[in-house]
Amino acid sequence: MSGQEDFLQAFRGSFTSALRWHHLDALWDVVRADAGAGWYLYAVGESPPDRQSDGARVLRFIDEIDKLLRAEHAEDYCGIVYADDLAQPSLIKIYDPNNLGVSCGYSDNPPLPGWVMSKRPPVDLPAAMVPNNRRRWWQTLFGQ
1 MSGQEDFLQA
11 FRGSFTSALR
21 WHHLDALWDV
31 VRADAGAGWY
41 LYAVGESPPD
51 RQSDGARVLR
61 FIDEIDKLLR
71 AEHAEDYCGI
81 VYADDLAQPS
91 LIKIYDPNNL
101 GVSCGYSDNP
111 PLPGWVMSKR
121 PPVDLPAAMV
131 PNNRRRWWQT
141 LFGQ
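All residue numbers for the sequence shown refer to the numbering used here, where the first residue is 1 and numbers rise by one.
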C-alpha cells in the first residue's frame, strides 16, 4: 500500500470524539507526553508537511489550537476533535469551529477538518478527497 493510500485509509477509519472539554484535556495530556514522537501538523488547505514537527512545535500547536477551540466554540461540550484512539492516538482530526457543516454523523460529502495531527505523512486532502459519485462517474466513463 502506498503512503497516500495508507494515510487515506487511516483518515477514513474509525474515530472517537473528545466529546467533553475534559476529554480533550485528557487527549492533549497524552499527546503532550508523546510530543517528540514524530507528529506531522497539517493545516488542511495548505501544502501537507513533508517532515515531522519537533516536540516544542507540537506543544505550541496544542496550546494555541486549544485556546482557539475554547474561544470560538462557545459550547459546554467540545465534540469537534476526533482521534483514532483517545488513549494512544496516531491520527487526530480537529474541526474548525467556524466551518463545521456536518462533522459527525453521516454525510455524502462531510467537511474536511481544519487541522490534522498525524504520525503518518499526510497527503493533500482537498485534492485526494474526490466525492465518490464523481469517482464512479469517472471510472464508468472510461471503463476503469
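C-beta atoms are modelled at their ideal positions from N, C-alpha and C, and glycine is treated no differently.
Going along the chain, which residues of its own chain have a beta-carbon closer than 7 Å to the beta-carbon of residue i, five neighbours each way excluded?
i	result
P113	V44, K93, I94, Y95
L59	R32, A35
N210	Residue 210 lies beyond the residue range present for the chain, which begins at 1 and ends at 144; the question has no answer from this structure.
G38	Q52, K119
For my contact list, residue i and residue j are in at a C-beta cut-off of 8 Å; report their separation, rounded to the angstrom.
i	j	result
I65	W115	6 Å
L84	F15	Inspection of the sequence shows that residue 84 is occupied by Asp rather than by Leu. Contact holds; Cβ gap of about 6 Å.
R57	L68	At roughly 16 Å, the Cβ-Cβ gap does not stay under 8 Å, so R57 and L68 are not in contact.
For residue i, name the three-state secondary structure that DSSP assigns.
i	result
L19	coil
V58	helix
I94	strand
A83	strand
R12	coil
Exposed or buried, which one is residue i when buried takes at least 16 other CB atoms within 10 Å?
i	result
A127	exposed
S118	buried
S103	For S103, the predicted model reports a pLDDT of 45, less than 50, meaning its position is unreliable and no value from the coordinates is stated.
A87	exposed
G105	With a pLDDT of 49 at G105, under the threshold of 50, the modelled position of that residue is not reliable, and the figure given next carries that caveat. That one is exposed.
S2	exposed
A18	buried
S53	buried
With which residues is residue i paired in a DSSP beta bridge?
i	result
V123	In DSSP, V123 forms no bridge with anything.
E46	V44
S53	W39
V116	Y42, K93
Only counting the same chain, and skipping five residues up and downstream in sequence, which positions put a Cβ closer than 6 Å to that of residue i?
i	result
V81	A18, L24, I94
Which residues in the same chain have their Cβ closer than 8 Å to the Cβ of residue i, if we skip the five residues on either side of it in sequence?
i	result
E46	none
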